[in-house]
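As given, the protein sequences belong to chains A and B, one line each in that order. Position 288, counted from 1, in the first sequence is what the numbering used here calls 1644; the numbers after and before it change by one each time, with no gaps. Position 189, counted from 1, in the second sequence is what the numbering used here calls 1545; the numbers after and before it change by one each time, with no gaps. This report concerns only the one structure given below.
Protein chains: 2
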Amino acid sequence: MSAHTPLDPAPGRRLGEFDLIARYFAPLAGPGAFCLGDDAAVLTPTPGWQMVFTTDAIISGIHFLADDPAADVAIKLLAVNLSDLAAMGAEGVGYLITTAWPRDLDEAWIAEFAQGLAEGQAAYSVALLGGDTVATGGPLSLSLTAIGELPSNSALRRKGARAGDRIYVSGRIGDAGAGLRILRDGLKGGAATDRRRAVERYRRPQPRLALGRSLRGLASACIDVSDGLVADLAHLAEQSAARMILQLDRVPVSPLASLIGGAACAIVSGDDYELLFAAAPGNEKQLFAAAREAEVAVTCIGEVVEGQGVEVFDRLGNAILVDRGGYRHF
Amino acid sequence: MSAHTPLDPAPGRRLGEFDLIARYFAPLAGPGAFCLGDDAAVLTPTPGWQMVFTTDAIISGIHFLADDPAADVAIKLLAVNLSDLAAMGAEGVGYLITTAWPRDLDEAWIAEFAQGLAEGQAAYSVALLGGDTVATGGPLSLSLTAIGELPSNSALRRKGARAGDRIYVSGRIGDAGAGLRILRDGLKGGAATDRRRAVERYRRPQPRLALGRSLRGLASACIDVSDGLVADLAHLAEQSAARMILQLDRVPVSPLASLIGGAACAIVSGDDYELLFAAAPGNEKQLFAAAREAEVAVTCIGEVVEGQGVEVFDRLGNAILVDRGGYRHF
C-alpha cells in the first residue's frame, strides 16, 4: 500500500497517511500482501484455475448517501465488486482499494470504514492485497478492484443464452430502490420490518457468491442486477444476440414495490445485486437445489426467444415497451 | 467495464458513459476482457508463476498538473503503477482503470487520454482488463490497478538487504523534481535540452520493467523511487532491518540539480521512478551487464551496514542528518 506524497500535503490531518495505513488497513492485509509494507502483493494462483478481475468506484452523493454509516459504505464497496465476481461464477480471493479522503473527514469515520471492510472480508472470504490513499478537495471517492478465481473455462458470461432457455432471478427486486427512496426522499408507508430490510438492502447489498459458484455449468448466461432488471436483461440480450421475454407478474418484487410505482418501476430500479441468468429447460431440479444450498430463492421470470432486445408483458398479457433508459407504457 | 448509473446522471455530457467506453476504451481491451462487455475479465495464469498486484491513484492538482497533456497523464498513471511491478521484478500483464471525470471535461481530453493509454500499452506490453467510469463534482481523479507476473518465489522485496551489500540506483535522480519546479513554479535556468528532458521525466516517467526483471535473483532488496531517494531508502532500511549509508557525491543527479538546491535537494525530491536496490558484493559484473541490456545506467551510491535508518555523507565526509520527512544539515 502506498501513501502518495502530494505536491501539497493535506493540512490539519491529525494522522499521516502512513499512520492511517498502519493503524487501520495493515491489519486487514492477507497473505502475500506483506502487511502492505511492500511495492506490490504477490499471489500464487490455484493450478488449473483462472483469475477474474473487476473494478467499481463509488462516490459520496452519487452512489451512496453522505450520511450512510461508514461501515455500510465499506460493505457496499466490497459487495458491488464481489457481485461482479459472483456473476462470472468466481470465488473471491482478495481486493485492492483506493480511498480519496476529503481533508475534513475525521479519523472515527475511517476507523468505522475499516471495521466494515473487516466484516465484509470475514463474510466473503477475501483479504486486502493493497491500496492507495490520497487526500482530495472533492467528495469522498472509493475505488476497489476485486480479484477472484474459478476453474478454467467455467466462467459465466453475459453471452450464451439461447432461444428456449428460461430466465431466472435470485432474491427479490426493488428493495434497494425503495430503500434509497426512504433514505433520500423520506418515502413513507409500508411495514417497519420491510422498511428496515429495504434500507439494509440499499446500504449493504449481498453478493450472491455461493449461488454464482453453483451456477457454473448450469447457467447459459449470467449478470448481476446493478443498473436495474430490465437494463441488465438488455445486456444479456445484446451479448447473447437473443430476445428476452419478461413476465412482469412473475418477478418477485419488494413488498414496498407499490410505494415506488409498482412492479413496472421495481424492474427499472437498480442496486439490488441479485443474479439474473438463463438456463436451458430440464435443469430446474439442479437449479433449485443449488439455490437452496446458497440459501437464496430463485424464480423463473421469463424465457429467451430468437431476436433481440427485451420485451415485458404484464399480467393481462399487455406488452410494456422497454428500453435501456427506463420504461414506458404503450 | 461498467458505467455506473448515478442517482443523478451527469447533465450535459454529450456522450453517455457507455458510449465513452465503447468508443475509447473497448479498443484497448486485451484477451480475456471480452471487449469490456462483461462483468469481469478472466485471465489464465502462467503455470509455475505468481501474480503481482498494485494500485495507485493520481488526482489533478495534487499528483499531476491540471494543464498536463491528457496523453501524458495517461502515461504517468500507467507508469507509476508499472514501476511498482518493476520494483518487485514482475512483468506487466494488464490493468484496470477507474476514471472520475469532472462534468465539464470535454471529449477531446478523454480521446487524447485513451491515446496515451494505447501508447503506454504498446510500450509496456500490458492490456486493459476492465474499469469503471463515473462523473464527479470534484477534480479529475484516476486510479489504476496493475497486474503482473513473475516466476514463483522470485519477487524482489523491500526486505532482504544485508550488511555488506552495495546500494545501487538506476538512471539519475532529481530530473522529475526539477521538471515539476519548471512547470509549476516557472523555474528558470539550465540548458534547453535538460529542461525538456526534466519536464518529460516528470510527466512521463519510465517504469524500469526490463531492469527489474533482470534483478531477480541478483538484488537482495528493491524499491522504486517515488517518494524520494532518501525516503525510499528509509523504507528499504526499515523492511530490511539494516542501516543504509548513502554517499551523496556518488548519486547521479539531474544536470538541473543545482537549480533546485543541489544534490542534497535532489535526493529528497520525488517522482523519478528509478529502481533503488541492494546487491551483495561480487555481483557487479552481472549487474552492469543486466543494466546494459535494459539500456539504463546503474550506479553504486552506498552500502548497507548493521543498524537502522539512513545516513548520508557529503563529499567532504560530513554527515547530513536525514529523516523520512526530508533532510536537515547538522
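For glycine and all other residues, C-beta sits at the position ideal for the given N, C-alpha and C. From a predicted model like this one, the values you see are computed outputs, not experimental measurements.
Considering only their Cβ atoms, is the gap separating residue j from residue i smaller than 8 angstroms?
i, j, result
"S1625 of chain A", "G1584 of chain A", "yes"
"L1631 of chain A", "L1589 of chain A", "no"
"T1489 of chain B", "W1465 of chain B", "no"
"G1494 of chain B", "G1493 of chain A", "yes"
"T1655 of chain B", "Y1524 of chain B", "yes"
"L1421 of chain A", "R1522 of chain A", "no"
"L1574 of chain A", "N1639 of chain A", "yes"
"V1436 of chain B", "S1582 of chain B", "yes"
"R1551 of chain B", "I1538 of chain B", "yes"
"I1377 of chain A", "L1392 of chain A", "yes"
Report the CB separation of residue i from residue j in whole angstroms; it is logged as a contact under 8 angstroms.
i, j, result
"A1687 of chain A", "G1530 of chain A", "In the structure as shown, chain A starts at 1357 and stops at 1686, and residue 1687 of chain A therefore has no counterpart that could be examined."
"S1508 of chain A", "T1400 of chain B", "7 angstroms"
"T1411 of chain B", "G1533 of chain A", "Rounded, the Cβ-Cβ distance is 31 angstroms, inconsistent with contact."
"I1657 of chain A", "R1599 of chain A", "About 15 angstroms; that fails the 8 angstroms criterion."
"F1669 of chain A", "L1604 of chain A", "6 angstroms"
"Q1406 of chain B", "V1660 of chain A", "Wrong, their Cβ atoms sit about 41 angstroms apart, outside the cutoff."
"R1514 of chain B", "I1579 of chain B", "5 angstroms"
"A1396 of chain A", "L1484 of chain A", "At roughly 13 angstroms, the Cβ-Cβ gap does not stay under 8 angstroms, so A1396 of chain A and L1484 of chain A are not in contact."
"Y1380 of chain A", "L1434 of chain A", "Not really, about 15 angstroms apart at Cβ, beyond 8 angstroms."
"A1622 of chain A", "S1610 of chain A", "6 angstroms"
Assign residue i to one of three DSSP states: helix, strand, or coil.
i, result
"I1431 of chain B", "helix"
"D1580 of chain B", "strand"
"I1453 of chain B", "strand"
"E1463 of chain B", "helix"
"A1650 of chain A", "coil"
"R1540 of chain B", "helix"
"Q1471 of chain A", "helix"
"G1665 of chain A", "strand"
"Q1562 of chain B", "coil"
"P1691 of chain A", "Nothing can be reported for residue 1691 of chain A: it is not among the residues displayed for chain A, which extend from 1357 to 1686."
"T1692 of chain B", "Any question about residue 1692 of chain B goes unanswered here, given that chain B covers just 1357 to 1686."
"R1522 of chain B", "strand"
"E1659 of chain A", "strand"
"E1447 of chain B", "strand"
"G1568 of chain B", "helix"
"A1597 of chain B", "coil"
"L1592 of chain B", "helix"
"D1670 of chain A", "coil"
"D1628 of chain B", "coil"
"S1499 of chain B", "strand"
"I1616 of chain A", "helix"
"G1504 of chain B", "strand"
"D1605 of chain A", "helix"
"A1426 of chain A", "helix"
"V1482 of chain A", "coil"
"I1676 of chain B", "strand"
"G1533 of chain B", "helix"
"I1414 of chain B", "strand"
Suppose you measure from the CA of residue i to the CA of residue j; what does that come to, to the nearest Å?
i, j, result
"G1504 of chain A", "P1561 of chain A", "18 angstroms"
"L1536 of chain B", "A1634 of chain B", "28 angstroms"
"A1356 of chain B", "D1462 of chain B", "Given a span of 1357 to 1686 for chain B in the structure shown, any question on residue 1356 of chain B remains unanswerable."
"K1544 of chain A", "H1419 of chain A", "22 angstroms"
"N1674 of chain B", "F1644 of chain B", "29 angstroms"
"D1628 of chain A", "G1527 of chain B", "51 angstroms"
"S1596 of chain B", "L1438 of chain B", "23 angstroms"
"V1408 of chain A", "G1448 of chain A", "9 angstroms"
"G1472 of chain B", "P1563 of chain B", "15 angstroms"
"G1368 of chain A", "L1672 of chain B", "With a pLDDT of only 43 at G1368 of chain A, under 50, the local geometry of the prediction cannot be trusted, and the value read off the model is given with reservation. Cα to Cα, G1368 of chain A sits roughly 39 angstroms from L1672 of chain B."
"L1602 of chain B", "V1666 of chain B", "7 angstroms"
"G1516 of chain A", "S1576 of chain A", "5 angstroms"
"F1469 of chain B", "A1389 of chain B", "20 angstroms"
"A1547 of chain A", "D1460 of chain A", "38 angstroms"
"P1637 of chain B", "S1510 of chain B", "20 angstroms"
"G1372 of chain B", "D1423 of chain A", "28 angstroms"
"H1591 of chain A", "L1506 of chain A", "23 angstroms"
"Q1642 of chain A", "I1676 of chain A", "32 angstroms"
"V1586 of chain A", "G1617 of chain A", "15 angstroms"
Please report whether the beta-carbon of residue i lies at a distance below 8 angstroms from any beta-carbon of chain D.
i, result
"S1497 of chain B", "Here chain D cannot be found, since the structure's protein chains are A and B."
Worksheet item: Should the stretch 1446-1465 of chain A be called in touch with the stretch 1498-1509 of chain A, which here means at least 3 C-beta pairs below 8 angstroms?
Response: yes
Worksheet item: Using 8 angstroms as the Cβ pair cut-off and three pairs as the minimum, do the stretch 1439-1449 of chain A and the stretch 1414-1434 of chain B touch?
Response: no
Worksheet item: Taking contact to mean at least 3 C-beta pairs separated by less than 8 angstroms, is the stretch 1562-1580 of chain A in contact with the stretch 1648-1657 of chain A?
Response: yes
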